[in-house]
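Notes for the one structure printed next.
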Amino acid sequence: MRTNPRSSNAIVPLSLSVLLLGALLACATPMPQALVEARVAVDAAEREADVARYAPVELDEAKQAIQGAEALWYEDEDTDEAEHQAYLVTRRVEIARAFTAGAKAMEEAEAMARKREAVLLEIRTEEADRALAVAEKRAAEARLDRAAAEQARAEATALAEREKKLREELAELQAEKTERGIVLTLGDVLFDVDQATLKPGATQNLYRLVTFLREYPERQVLVEGHTDSTGTEEYNLGLSQRRADAVVQFLTVNGVAPERTIARGYGKAYPVATNETSEGRQHNRRVEIVILDPGAKAAERLRPLPDR
Amino acid sequence: MESSMTRFGLVLLLAAGLGACASVPPPESEVGKADLALRKAEQADAAHFAPLEMRVARTKLEAARAAMRDEENLEARRLAEQAKLDALLAEATAQAARRREAADTIRADIEALRAEAKRASNRIPGETR
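In order, the protein sequences belong to chains S and H.
In terms of this note's numbering, the first sequence opens at residue 1310 and continues consecutively.
In terms of this note's numbering, the second sequence opens at residue -12 and continues consecutively.
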């Protein structure tokens, strides 16, 4: 194998440069561990989204610091300075992390403050609603009280008016209030002599009585026939009974329920005047209509019949 | 000729040696910056929230001043630079802690408000407090 001077010439410088490079690499001082770790710390922080988001300036400072430190190392290979720079870089990474924590805490504090406002508003609204409900309840109670008072007043007024009306009606009936009830006296002149038929003149007063009884359906009625002392007892009892019956019949025909009325003849037993004079005897000949108080039963209020 | 060359080389070496010393000026600026950072951290109450970092920063700043007095300017610069970042870290840590406390306080506030509101709504309406 012959050597080619041309190719041999070309190979020498190449192998020389390879040798030189190898020597350089072998001689290069390894990078201090602190600086390697500082680079790892910066890269780790850079990969964290929170750090990049909340502390971008501080992260950038850390990146610049590590780049500067590495460049300085390649330039000077000063181990002491490299370790010092590594310390600074590590601190910058820690500062970036502290800033991140601070910014996140502030964001949280702001969110909390907004939430507190919302809660306060909610509480105030609830309190207002409760107060409103209480006020409305009280107003409703007050309205009820007023309504009750008004009703009581109205009832009292109605009662007074009814009393007044009753008095007026009684006056119109020419009746009088007694302890037995309201007594309306139909005089002898309203009947024909010895007859039990009502004269037409009697009916006007009796119509008023019918009206009155219709208006006060809770009242029952005693109809009592009375005579003077002339004539036999038998006759007087019969006549007084017939006259009382005639009045009751009139009432019944005009719509007063028969169960509300009792007719009874007493003869001469209950005179209201002397039988010695003709005027007195005229007073004694009469029909008394007793309108009982509400709730009183006619059957229990009958006057006893005279002894035979 | 040869002796003059040797003298010249000696002068050059001396100059280089002196230059090496003279090329590191007193780190007045770095010490000033570290001092400022430390004051800021103190104002942020870092002594309370980040006591360790603060102590480290203070110690290093003192050491930097001492080194500068001894004209060990390289060491003084490094110490001052480290003290500054120690102080910055202390300040940032303190700030984060304070904000964390604020958030927790408001959270506790909300809890208290909610509890109070619940008690209030459980009261019979219209009853006086």
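In this text, a Cβ means the ideal position worked out from N, Cα and C, and glycines have one as well.
Local conformation of residue i per DSSP, three classes
{"i": "S:Pro1603", "result": "coil"}
{"i": "S:Lys1486", "result": "strand"}
{"i": "S:Leu1560", "result": "helix"}
{"i": "S:Leu1611", "result": "coil"}
{"i": "S:Thr1434", "result": "helix"}
{"i": "H:Asp96", "result": "helix"}
{"i": "H:Gly57", "result": "The sequence shown places Asp at residue 57 of chain H, not Gly. Three-state result, H:Asp57: coil."}
{"i": "S:Glu1588", "result": "helix"}
{"i": "H:Glu103", "result": "helix"}
{"i": "S:Arg1528", "result": "coil"}
{"i": "H:Asp73", "result": "helix"}
{"i": "S:Met1340", "result": "coil"}
Under 7 Å between C-beta atoms of residue i and residue j
{"i": "S:Gly1490", "j": "S:Leu1560", "result": "no"}
{"i": "S:Arg1552", "j": "S:Ala1505", "result": "yes"}
{"i": "H:Leu100", "j": "S:Val1443", "result": "no"}
{"i": "S:Val1532", "j": "S:Val1498", "result": "no"}
{"i": "H:Ala51", "j": "H:Ala34", "result": "no"}
{"i": "S:Ala1418", "j": "S:Ala1354", "result": "no"}
{"i": "S:Thr1399", "j": "S:Ala1364", "result": "no"}
{"i": "S:Gln1513", "j": "S:Arg1569", "result": "no"}
{"i": "S:Arg1401", "j": "S:Glu1436", "result": "no"}
{"i": "S:Thr1539", "j": "S:Leu1548", "result": "no"}
{"i": "H:Ala53", "j": "S:Phe1408", "result": "no"}
{"i": "S:Asn1584", "j": "S:Val1519", "result": "no"}
{"i": "H:Ala83", "j": "S:Ala1414", "result": "yes"}
{"i": "S:Glu1392", "j": "S:Pro1339", "result": "no"}
{"i": "S:Val1596", "j": "S:Leu1495", "result": "yes"}
{"i": "H:Leu76", "j": "S:Glu1403", "result": "yes"}
{"i": "H:Ala81", "j": "H:Ala31", "result": "yes"}
{"i": "S:Ala1607", "j": "S:Ile1571", "result": "yes"}
{"i": "S:Val1565", "j": "S:Leu1507", "result": "no"}
In DSSP terms, what residue i is bridged to
{"i": "S:Arg1595", "result": "S:Gly1496 and S:His1535"}
{"i": "S:Ile1404", "result": "Note: S:Ile1404 sits in no beta bridge, so no partner."}
{"i": "S:Arg1573", "result": "S:Glu1533"}
{"i": "S:Ile1491", "result": "S:Lys1486 and S:Ile1600"}
{"i": "S:Leu1507", "result": "S:Phe1500"}
CB contact below 7 Å: residue i versus chain S
{"i": "H:Arg106", "result": "no"}
{"i": "H:Leu48", "result": "no"}
{"i": "H:Ala24", "result": "no"}
{"i": "H:Arg42", "result": "no"}
{"i": "H:Ala90", "result": "yes"}
{"i": "H:Ala83", "result": "yes"}
{"i": "H:Asn109", "result": "no"}
{"i": "H:Leu72", "result": "yes"}
Contact with chain H by residue i, beta-carbon distance below 7 Å
{"i": "S:Val1402", "result": "no"}
{"i": "S:Val1492", "result": "no"}
{"i": "S:Leu1368", "result": "no"}
{"i": "S:Leu1479", "result": "no"}
{"i": "S:Ala1422", "result": "yes"}
Within chain S, the residues that residue i reaches when beta carbons sit closer than 9 Å
{"i": "H:Ala53", "result": "The premise fails here: H:Ala53 is roughly 17 Å from chain S at the closest Cβ pair, so nothing lies under 9 Å."}
Residues that residue i contacts on chain S, provided the C-beta gap is smaller than 7 Å
{"i": "H:Ala32", "result": "Sequence check: residue 32 of chain H is Asp here, not Ala. Those do not exist, as H:Asp32 stays about 14 Å from chain S at its closest Cβ, beyond 7 Å."}
{"i": "H:Arg65", "result": "His1393"}
{"i": "H:Arg87", "result": "Ala1414"}
{"i": "H:Glu68", "result": "Leu1397"}
{"i": "H:Ala79", "result": "Ile1404, Ala1407, Phe1408 and Gly1411"}
Partner residues on chain H for residue i, Cβ-Cβ distance less than 8 Å
{"i": "S:Arg1425", "result": "Ile93, Asp96, Ile97 and Leu100"}
Partner residues on chain H for residue i, Cβ-Cβ distance less than 7 Å
{"i": "S:Val1428", "result": "Ile97, Leu100 and Arg101"}
{"i": "S:Ile1432", "result": "Leu100 and Ala104"}
{"i": "S:Ala1418", "result": "Arg86, Ala89, Ala90 and Ile93"}
{"i": "S:Glu1346", "result": "None at all; the shortest Cβ gap to chain H is about 16 Å."}
Residue-chain proximity (residue i, chain A), Cβ-Cβ < 7 Å
{"i": "S:Leu1453", "result": "Note that chain A does not occur in the displayed structure, where the protein chains are S and H."}
Chain S residues whose Cβ lies nearer than 8 Å to that of residue i
{"i": "H:Leu75", "result": "Arg1400 and Ile1404"}
Chain H contact residues for residue i, given Cβ-Cβ distances below 9 Å
{"i": "S:Ala1354", "result": "Those do not exist, as S:Ala1354 stays about 14 Å from chain H at its closest Cβ, beyond 9 Å."}
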